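Asker: The structure's right below; bear with me while I get my questions together.
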Amino acid sequence: MSSVFTEITLNHYLALSGIIFMIGLAGVMLRRDLMVIYMCLELMLNAASLALISFSRFNVNRFGPDAAAEGQLMVLFIIAIAVAKAAVGLALIVALYRNRQTRNVNDLAEMRF
Amino acid sequence: MNWIILFTPLFAAVLIALLVHPHPRLSAALSISACLISFLSSAMLVFDLGALPLGSFTWINLSGQNLIIEMGAMNDPLAQLMLLVVTGVGLCIHFFAYADMKGDPGLSRFFAKLSLLMFSMLGIVLANNFIMLFICWGLLSASCYFLIGFWFQHANAVEASKQALVVHRVGDVGFLLGVLGVWWVFRSVDFTVLETMLAGAQVAPARQNLINWMVFALFMGCLAKSAMIPLHVWLTGATEAPTPASALVCAATVLVAGVYMLCRIFFILELAPDVMEIIARVAMVSALLAALMASQQNDIKKILACSALSQVGSMVAAVGIGSVTAAMFHLTMHAFFNALLFLSAGSVIRALHQERNIWNMGGLRAKMPVTSWAFFIGTAALIGVPFVFSGFWSQQAVLVAAWTDHPGVFWIGLMTSGLTAYYMTRLLLVAFLGKERSDVVAGAGESSLLMQLPLMLLALFSVIGGWKWIGVVHFIDPDFVPNHEAGVVVMGLSFVVLVIGTGGALALYRDVEQDPVSIPLFARSFYVEELYAATIVRGQNAWAKTLEWFDQWVIGAVLVRGLSSLGTVGGELLRLIQGGNLQAYVFLLVLGVLFVCYWVLFRAHGGV
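For the protein sequence lines, the chains are Y and W, in the order given.
Counting from 104, one number per residue, gives the positions in the first sequence under the working numbering.
Counting from -1, one number per residue, gives the positions in the second sequence under the working numbering.
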């Protein structure tokens, strides 16, 4: 077996992060349901968090053990802010749905000049 | 005390303009009493009747730059004489103006303007530094503009006032350069300081050129105000003002302001003898040309305006040949008899319902005896009938001053006095003697007593003003020694030209129905106005047209509308992207991010 599968390196994490990000992006761009788009956005955010935390974990050798703690701290902050953002975003979606009785973005196309 | 002299007319003008103008009689009374107060306080000052000491205050103090402007008032014989002339003659004109202008709907406005003119002129008379002089110089241009354009319903008056303002501004620019030059060279603008500094000073040869230009620039101011050739074009237009205003402008204020200014700064002129020579020549030529113009005018006020210019020319020439005394003496006498002539003409014009063409007059002596006699006395003074009349003595003073060292000035001056006798006799014969030439004369009658009184007063001074015991000459210069030897020769010569001039006019204009002499060159003021129209005005219009084209097409079309339509069109194009489709937005966002990534990774550092 090649070493690609024996040892998990930074590149594996980054590849995973990239794949998740692309899945999220594809969802945002292709799906019509606002709720699904929203979940895909969360996916993209978390993919970015994953990349960050992998960097911090694998850079311990270069910057010392504090780097891992700092990276994790950063990601915790991101998660906390993502939660707050989720609350606001969901509230907006609920309000929009009450108003328009639809979650299809094609029906919500008045955002233009 | 001096501040009362100066500011009462301004106060009256402001009060009339702001409050009193709905009441014409009150406005007139206010303006006349302001002039009276100025006159009385001047008299108190001059004759030392308990006048308060002169005040002064520092207006601008930049000691680091050596620029200290101390506003104050001159109190030397020059200023005192001028004060009396301006306020005294001004007072006569104010009284006359009330009688003349009574019933005009703009009476209040007229008196406000008249008071403003008095204020500006008194400011020039009292100014003790160049800055104050320049401020009042500009005010004088403005008030002259106001008065000429008084009858703004007439297109002629409006044109003339505009022309006067432009011409005055040309002179003002030169004068301002001169003032700046004085400050630059001498580091002071105060007359007293400068006079002390320059007493007996010698100019270094290296600086002579600079000083010459400076003096010439200062003379530019006089050139415009005193209507010397080639800036004389405004003067004939100035006759569009109401006659009392023309009288004030020509006799006692604007026209003589230039002469007074030159006398005031004579100690600076002395530094540039070459320029003084130029001044004398320009002035004397102006005097001669003005006399030639006067000989062919048909408008009574234009004749008088040209004669005033001719006299002022000889005053400026007197300054140019170094005789301030003769200039001021002649200025004083001229103020009397020119005001007298203008006011009598005003009286005639009023009686003839604004008829100003002398060929429609004739036979006025029987109809208006007092006015006619006043005019005769004024004429006699102007042409210098020997021994009795004031103008004789003052013209003698000018000619005698020119006799020894300046033969050119002398002979041209002599010729001018001959011409003066000629055109004034022509005016008298055509307008006042002979038979009535039109119906308006038949209906004319003598003017009211209120108009006659100023005439009589001025006539009195036109006669006795030059007499020795009045002492105008010794008031200006206590050490003045008359040159008796030259005096006799000059007297004889001027008597000869007087006889020739009068005789020539008598021979030509006795009992004629129309002008036997026709010289369009003189009648049209040597075509200077046409020359300006063909060169300066046309050039300026062409330049204005070019600028208009530039404004319309380059600035307006390309820069303003071009840029704005670039924005509009670009906006319209970008608007197409904004379709409202959320996923299209995301797609574009991703494209943007990809572009940034591409740029950062592959282009920003010169490529991988």
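Glycine included, C-beta positions come from ideal geometry on N, C-alpha and C.
Please read these numbers as outputs of a predicted model, since none were measured by experiment.
Under the three-state reduction of DSSP, which class applies to F55 of chain W: helix, strand or coil?
Answerer: Three-state result, F55 of chain W: strand.
Asker: Counting along the chain, where does the alpha helix (DSSP H) carrying I462 of chain W start and finish?
Answerer: Residues L447 to I462.
Asker: Going by the beta-carbon positions, is the gap between S141 of chain W and A10 of chain W smaller than 8 Å?
Answerer: No, the Cβ-Cβ distance between S141 of chain W and A10 of chain W is not below 8 Å.
Asker: Could you work out which residue in W:I277, W:L519, W:D509 and W:F265 is closest to G311 of chain W when comparing CA atoms only?
Answerer: It is W:I277 whose Cα lies nearest to the Cα of G311 of chain W.
Asker: Find out if the Cβ-Cβ distance for the pair S118 of chain W, T85 of chain W is shorter than 8 Å.
Answerer: Contact flag unset, no.
Asker: Between the C-alpha atoms of V190 of chain Y and A150 of chain Y, what's the straight-line distance to the nearest angstrom?
Answerer: Here the sequence assigns Ala to residue 190 of chain Y, which means Val is not the residue at that position. Cα to Cα, A190 of chain Y sits roughly 20 Å from A150 of chain Y.
Asker: Based on the DSSP output, what are the partners of I66 of chain W in its beta bridges?
Answerer: W:N59.
Asker: From W:L60, W:G62, W:S54 and W:F37, pick the residue whose C-alpha is nearest to that of E68 of chain W; which is it?
Answerer: Nearest C-alpha to E68 of chain W: W:S54.
Asker: Compute the Euclidean distance between the alpha carbons of R201 of chain Y and D169 of chain Y, then round it to the nearest angstrom.
Answerer: So the two alpha carbons sit approximately 48 Å from each other.
Asker: Specify the secondary structure class of D136 of chain Y as computed by DSSP and reduced to three states.
Answerer: Reduced to three states, the DSSP call for D136 of chain Y is strand.
Asker: Taking the beta carbon of M104 of chain Y as the centre, do at least 16 other beta carbons fall within 10 Å, making it buried, or is it exposed?
Answerer: Residue placement at M104 of chain Y is flagged as unreliable, the pLDDT there being 48, under the threshold of 50; a coordinate-derived value is accordingly withheld.
Asker: Sorted by chain position, which residues of the same chain lie with C-beta nearer than 7 Å to L491 of chain W's C-beta, five sequence neighbours on each side aside?
Answerer: Closer than 7 Å at Cβ, skipping near neighbours: L412.
Asker: Could you tell me whether the Cβ of L580 of chain W comes closer than 8 Å to any Cβ of chain Y?
Answerer: L580 of chain W counts as touching chain Y.
Asker: Of all Cβ atoms in chain Y, is any one closer than 8 Å to the Cβ of F593 of chain W?
Answerer: Answer no: the Cβ-Cβ gap between F593 of chain W and chain Y never drops below 8 Å.
Asker: What are the boundary residues of the alpha helix (DSSP H) that P22 of chain W is part of?
Answerer: Where P22 of chain W is concerned, the enclosing alpha helix (DSSP H) stretches over P22 to V44.
Asker: When we look at the beta-carbon of S562 of chain W and count the other beta-carbons within 10 Å, is it buried (16 or more) or exposed?
Answerer: Per the 10 Å Cβ criterion, exposed.
Asker: Could you please tell me which residues of the segment 553 to 584 of chain W, in chain order, have their CB closer than 7 Å to any CB of chain Y?
Answerer: So the close ones are R573, Q576, G577, G578, N579, L580, Q581 and V584.
Asker: Leaving aside the five residues before and after Y116 of chain Y along the sequence, list all residues of the same chain whose C-beta is less than 6 Å from its C-beta, in chain order.
Answerer: Closer than 6 Å at the Cβ level, and outside the excluded window around Y116 of chain Y, lie S157.
Asker: Is M147 of chain Y close to chain W, meaning its C-beta is less than 8 Å from at least one C-beta of that chain?
Answerer: Chain W, which has no Cβ nearer than 8 Å to the Cβ of M147 of chain Y, makes this no.
Asker: Hey, is I2 of chain W close to the ligand ZN, as in C-beta under 7 Å from one of its heavy atoms?
Answerer: With respect to small molecules bound, the structure shown includes none, and the ligand ZN cannot be examined in it.
Asker: Along the chain, where does the alpha helix (DSSP H) containing F585 of chain W start, and where does it finish?
Answerer: Unbroken alpha helix (DSSP H) run through F585 of chain W: L580 to Y596.
Asker: Can you list, in chain order, the residues of its chain with a C-beta nearer than 6 Å to that of N154 of chain W? Leave out the 5 residues immediately preceding and following it.
Answerer: Here the set comprises E238.
Asker: Does the segment 291 to 299 of chain W come close enough to the segment 394 to 402 of chain W that 3 or more CB-CB pairs lie under 8 Å?
Answerer: No: fewer than three Cβ pairs fall under 8 Å.
Asker: Shortest alpha-carbon distance to P405 of chain W belongs to which of W:W547, W:N73, W:V497 and W:A484?
Answerer: Comparing Cα positions, the closest option is W:A484.
Asker: Measure the alpha-carbon distance for R348 of chain W versus L131 of chain W and round it to whole angstroms.
Answerer: The alpha-carbon atoms of R348 of chain W and L131 of chain W are separated by roughly 36 Å.
Asker: From the DSSP output, in three-state form, read off N73 of chain W for me.
Answerer: Looking at N73 of chain W - three-state DSSP - the assignment turns out to be coil, as it is neither helix nor strand.
Asker: Can you give, in chain order, each stretch of the alpha helix (DSSP H) that sits fully within the segment 345 to 426 of chain W and has at least 4 residues?
Answerer: With a minimum length of 4 residues, the continuous alpha helix (DSSP H) runs that stay inside the segment 345 to 426 of chain W are 362 to 365, 367 to 381, 388 to 401 and 405 to 425.
Asker: Can you give the Cα-Cα distance for I122 of chain Y and G568 of chain W, rounded to whole angstroms?
Answerer: Spanning the two alpha carbons is a distance of roughly 38 Å.
Asker: Start and end of the alpha helix (DSSP H) containing E193 of chain W?
Answerer: Run containing E193 of chain W: F189 to L196, per the alpha helix (DSSP H) assignment.
Asker: Is DSSP giving A125 of chain W helix, strand or coil here?
Answerer: DSSP places A125 of chain W in strand when its eight states are reduced to three.
Asker: Identify each residue in the segment 189 to 214 of chain Y for which the Cβ-Cβ distance to at least one residue of chain W is less than 9 Å, and report them in chain order.
Answerer: Those residues of the segment 189 to 214 of chain Y that come within reach of chain W (Cβ to Cβ, closer than 9 Å) are V208, N209, L211, A212, E213 and M214.
Asker: Rounded to a whole number of angstroms, what is the C-alpha to C-alpha distance between Q204 of chain Y and I196 of chain Y?
Answerer: Approximately 11 Å between the Cα atoms of the pair.
Asker: Can you tell me where the alpha helix (DSSP H) holding S563 of chain W begins and where it ends?
Answerer: Looking at the DSSP string, the run of the alpha helix (DSSP H) that includes S563 of chain W is L561 to R573.
Asker: Threshold first: 3 residues or longer. Then list the beta strand (DSSP E) segments lying entirely within the segment 473 to 557 of chain W, N to C.
Answerer: Fully enclosed beta strand (DSSP E) runs of 3 or longer: not present.
Asker: For a contact defined as C-beta to C-beta under 7 Å, what are the partners of N131 of chain Y on chain W?
Answerer: Reading the sequence as shown, one finds Val at residue 131 of chain Y and not Asn. Correct list: V584.
Asker: The segment 519 to 545 of chain W: which residues have C-beta closer than 8 Å to a C-beta of chain Y, in chain order?
Answerer: If the cut-off is 8 Å between Cβ atoms, the segment 519 to 545 of chain W has nothing near chain Y.
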